[in-house]
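J.:
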Amino acid sequence: MGIGKTSGEYELIVNGSKFSISDSWLGESLLYVLRERLGLYGSKNACEQGECGSCSVMMDDVLVCSCLVLAANAKGREIRTIESVADGDELSDVQKAFIDTGAIQCGFCTPGLLVTIHDFLDSNPEPDQSEIKEAISGNLCRCTGYGRIVEAVQLVSIRRSKRDS
Ligand code: FES
Ligand code: FES
459 MGIGKTSGEY
469 ELIVNGSKFS
479 ISDSWLGESL
489 LYVLRERLGL
499 YGSKNACEQG
509 ECGSCSVMMD
519 DVLVCSCLVL
529 AANAKGREIR
539 TIESVADGDE
549 LSDVQKAFID
559 TGAIQCGFCT
569 PGLLVTIHDF
579 LDSNPEPDQS
589 EIKEAISGNL
599 CRCTGYGRIV
609 EAVQLVSIRR
619 SKRDS
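Taking the working numbering, the leading residue of the sequence shown gets 459, the next gets one more, and so forth.
(1) Where does cysteine 523 sit, in a helix, a strand or coil, going by DSSP?
(2) As a quick check of your reading: which residues have a C-beta less than 7 Å from at least one non-hydrogen atom of ligand 1, in chain order?
(3) Check whether the Cβ of isoleucine 562 lies closer than 7 Å to any heavy atom of ligand 2, and answer yes or no.
(4) Got a sec: does ligand 2 put a non-hydrogen atom nearer than 7 Å to the Cβ of threonine 602?
(5) For methionine 516, collect the residues of the same chain with a Cβ closer than 6 Å to its Cβ; drop the 5 residues on either side in sequence, then sort them by chain order.
(6) Buried or exposed, going by whether 16 or more other CB atoms sit within 10 Å of the CB of cysteine 599?
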């Protein structure tokens with residue numbers, strides 16, 4: 459076995475399915491494995507330094523930058539990526555709100571923002587504007603100026619509260 463290789467195969471649980479990873483290197487990030495080994499290209503690769511949030515995924519219900527997680531250390535953890543957000547062909551309410559408010563331009567930041575916002579709204583269903591800005595502060599967007607993204611989060615919150623009332 460060469461320097462840096464893992465001691466063997468390991469298994470990742472991604473979006474409810476098990477995947478065997480073999481012949482991997484210890485330094486491979488979860489982001490790398492998701493994209494390059496599993497073909498899940500929704501999580502984006504930008505800074506690879508935990509600065510932009512474009513690679514955000516959930517690991518055991520905790521939001522993480524997948525570029526900062528070693529894939530081998532994610533063994534046995536429940537990973538959920540942007541690919542799990544929609545229900546088949548049915549977009550999630552956050553995805554719909556992004557479209558309705560025009561919160562997407564180039565779309566590069568969008569997957570990370572969607573994962574972040576779903577997680578945020580689960581814990582804070584009726585956030586105010588400053589809480590929304592704080593929640594998305596780790597997700598860099600170079601296009602929209604954030605106004606429409608904040609608007610999208612507010613729209614989801616309103617729609618959910620109407621649906622549940
Ligand atoms: S690519 Fe992971 S935070 Fe930027
Ligand atoms: S829409 Fe282009 S970076 Fe956010």
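Beta carbons: idealized from backbone N, C-alpha and C, even for Gly.
T.: In short, the structure shows the following:
(1) Residue mapping note: residue 523 aligns to position 65 of the sequence shown, counting from 1. In this structure, cysteine 523 counts as strand in the three-state DSSP scheme.
(2) Cβ atoms closer than 7 Å to ligand 1 belong to Leu489, Lys502, Asn503, Ala504, Cys505, Glu506, Gln507, Gly508, Glu509, Cys510, Gly511, Ser512, Cys513, Cys523, Ser524, Cys525, Leu526.
(3) Position 104 of the sequence shown, counted from the start, is the residue given in the question as residue 562. Under cutoff, so the answer is yes.
(4) Position 144 of the sequence shown, counted from the first residue, corresponds to residue 602. Indeed, a heavy atom of ligand 2 lies less than 7 Å from the Cβ.
(5) Locating residue 516 in the sequence shown gives position 58, counting from the first residue. Closer than 6 Å at Cβ, skipping near neighbours: Arg538.
(6) Taking the sequence shown and counting its residues from 1, one reaches residue 599 at position 141. Per the 10 Å Cβ criterion, buried.
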